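Asks: In my numbering, the protein residues as written are 1309 to 1678.
Think of the CB as a built atom: it goes at the ideal place given N, C-alpha and C, for glycine as much as any other residue.
Model, not experiment: these values are computed from the prediction.
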């Protein structure tokens, strides 16, 4: 028995996050405004990392926190290899898509954005750097930190075997030290640091693991009326700022940014606080239970259960979208056709993989018993 568990609510929200990532990774489309980054300090990246932490515990916690830790750790390392292969395949496929776009539209501009220019100036270094994860293309830079987090996960799980609060405390200390001393993974050959700083973002991953341990134990997240009120106030204040006081104070976000750290790279505290407040409110709002009665709950759960292939397919589709929508004049109908069609395709892929998995699981074993 693997000890893995599925929680429909987690799959549902993961499906929503994957849909938002796809939408946001096609800049300029008319559906971006529907994602929560337009009404808050955090975006789908925080949700992706947090849910990854929750999922690691639900998938591997039975073995890693029980009597078979080394078997669980081996399974995690196997997942690392898979993720690495997907990251490399996506990155090179994206470069081919952008290069084709530049040729078709006779415009090299797209090849000079988001780190793609290295393939023009020094293709050999680009190949080596992308393969070594030291050079990451824009919009294709979140899986590398997930790989790092899975490599780090066995240490966190060993700490959690002692006490999950110890695990969280160690992670918090690393987060604070990273902010104090500017720790980050270096990039090469272009000098700099990873867009998603692993030393900072690992704290949100560990927070997800902490919650995953609680969910796995059947304890859930306790409700506190005062904390809920504070979280709601944080969300309202965040929406007030991000929407520029609902359009009445255009300079408000820039003014706040001049005095408060808003860094996405280093996971600024204000971003993490906003996300955790959002997660707490959503958890206790009853929205998941209400969504179960809706028509979209099951499809989003299917998407969430096939997170890696859907993420990979969505990333490739978003690269196509950046070419099709970003390099030509489009309107709402074009956006609707591409985004709507893309989401339907992602659901179809997830549904096919889910059905194939059921067939495989139901197929009688042909292995002879000794």
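Please identify the residue among 1660, 1462, 1623 and 1474 whose C-alpha is closest to the C-alpha of residue 1374.
Replies: When the alpha-carbon of residue 1374 is set against those of 1660, 1462, 1623 and 1474, the nearest one is in 1462.
Asks: DSSP state of residue 1577, grouped into three classes?
Replies: helix
Asks: If you count every other CB in all the chains shown that lies within 10 Å of the CB of residue 1420, and 16 or more means buried, which is it?
Replies: exposed
Asks: Starting from residue 1399 and walking both ways along the alpha helix (DSSP H), at which residues does that stretch end?
Replies: Per DSSP, residue 1399 belongs to the alpha helix (DSSP H) from 1377-1412.
Asks: Do the region 1601-1620 and the region 1318-1327 touch if we need at least three Cβ pairs shorter than 8 Å?
Replies: yes
Asks: Name the residue from 1396, 1413, 1659 and 1381 whose alpha carbon lies nearest to the alpha carbon of residue 1632.
Replies: 1413
Asks: Quick check on the DSSP output: the alpha helix (DSSP H) that includes residue 1473 runs from which residue to which?
Replies: 1472-1489
Asks: Over the uninterrupted alpha helix (DSSP H) stretch that includes residue 1545, give me the two end residues.
Replies: 1533-1550
Asks: Would you kindly work out how many angstroms separate the C-alpha atoms of residue 1369 and residue 1508, rounded to a whole number?
Replies: Note on geometry: alpha-carbon atoms of residue 1369 and residue 1508 lie some 23 Å from one another.
Asks: Between the Cα of residue 1489 and those of 1499, 1505 and 1496, spot the shortest distance and give me the residue it belongs to.
Replies: Ranking 1499, 1505 and 1496 by Cα distance to residue 1489 puts 1505 first.
Asks: Classify residue 1501 as helix, strand or coil using the three-state DSSP reduction.
Replies: strand
Asks: For residue 1324, which residues from the same chain have a beta carbon less than 7 Å from its beta carbon, with the 5 sequence-adjacent residues on both sides left out?
Replies: The answer, listed in chain order, is 1608.
Asks: Let me confirm a value: residue 1664 is counted as buried when at least 16 other C-beta atoms fall within 10 Å, else exposed. Which label applies?
Replies: The residue in question, residue 1664, is exposed, as its Cβ has fewer than 16 Cβ neighbours within 10 Å.
Asks: Is residue 1481 a contact residue of the ligand FAD, with contact defined as CB to any heavy atom under 7 Å?
Replies: Because no ligand of any kind appears in the structure shown, any question about the ligand FAD cannot be addressed here.
Asks: Could you check the C-alpha separation between residue 1433 and residue 1426 for me, to the nearest Å?
Replies: 8 Å
Asks: Could you round the C-beta distance between residue 1443 and residue 1502 to whole angstroms and report it? I think they count as a contact, below 8 Å.
Replies: With a Cβ gap of about 10 Å, residue 1443 and residue 1502 do not count as contacting.
Asks: Closest to residue 1549 by CA distance: which of 1654, 1543, 1534 and 1561 is it?
Replies: 1561
Asks: For residue 1529, count neighbouring C-beta atoms within 10 Å of its own C-beta (all shown protein chains included) and say buried if the count is 16 or more, exposed if not.
Replies: That one is exposed.
Asks: Leaving out five residues before and five after residue 1673 in sequence, what residues of the same chain have Cβ atoms less than 8 Å from its Cβ?
Replies: Residue placement at residue 1673 is poorly supported in this model, since its pLDDT is 42, which falls under 50; the coordinates still yield a value, given next. Answer for residue 1673: no residue qualifies.
Asks: Write down every uninterrupted run of the alpha helix (DSSP H) in the region 1580-1656 whose length is 4 residues or greater and which is fully enclosed by it, in chain order.
Replies: Entirely contained in the region 1580-1656, the alpha helix (DSSP H) runs reaching 4 residues are, in chain order, 1595-1599, 1605-1613, 1615-1632 and 1640-1643.
Asks: Which class does residue 1462 belong to by DSSP, given the choice of helix, strand or coil?
Replies: helix
Asks: So, for residue 1570: in the same chain, excluding its five sequence neighbours on each side, which residues have a beta-carbon less than 6 Å away from its beta-carbon?
Replies: Excluding sequence neighbours, residue 1570 sits near 1576.
Asks: When the Cα atoms are used, what is the spatial distance from residue 1617 to residue 1439?
Replies: 20 Å
Asks: Would residue 1589 pass as a contact of residue 1538 if the rule is Cβ separation under 8 Å?
Replies: no
Asks: If distances are taken between C-alpha atoms only, which option among 1612, 1656 and 1622 comes closest to residue 1330?
Replies: 1622
Asks: For residue 1448 versus residue 1513, is the C-beta distance shorter than 8 Å?
Replies: In terms of Cβ geometry, residue 1448 and residue 1513 do not form a close pair [threshold 8 Å].
Asks: What do you reckon, are the CB atoms on residue 1610 and residue 1653 nearer than 8 Å?
Replies: no
Asks: Would you kindly work out how many angstroms separate the C-alpha atoms of residue 1517 and residue 1592, rounded to a whole number?
Replies: Cα-Cα distance, rounded: 19 Å.
Asks: Please determine, among 1545, 1555, 1551 and 1552, the residue with the shortest C-alpha to C-alpha distance to residue 1585.
Replies: 1545
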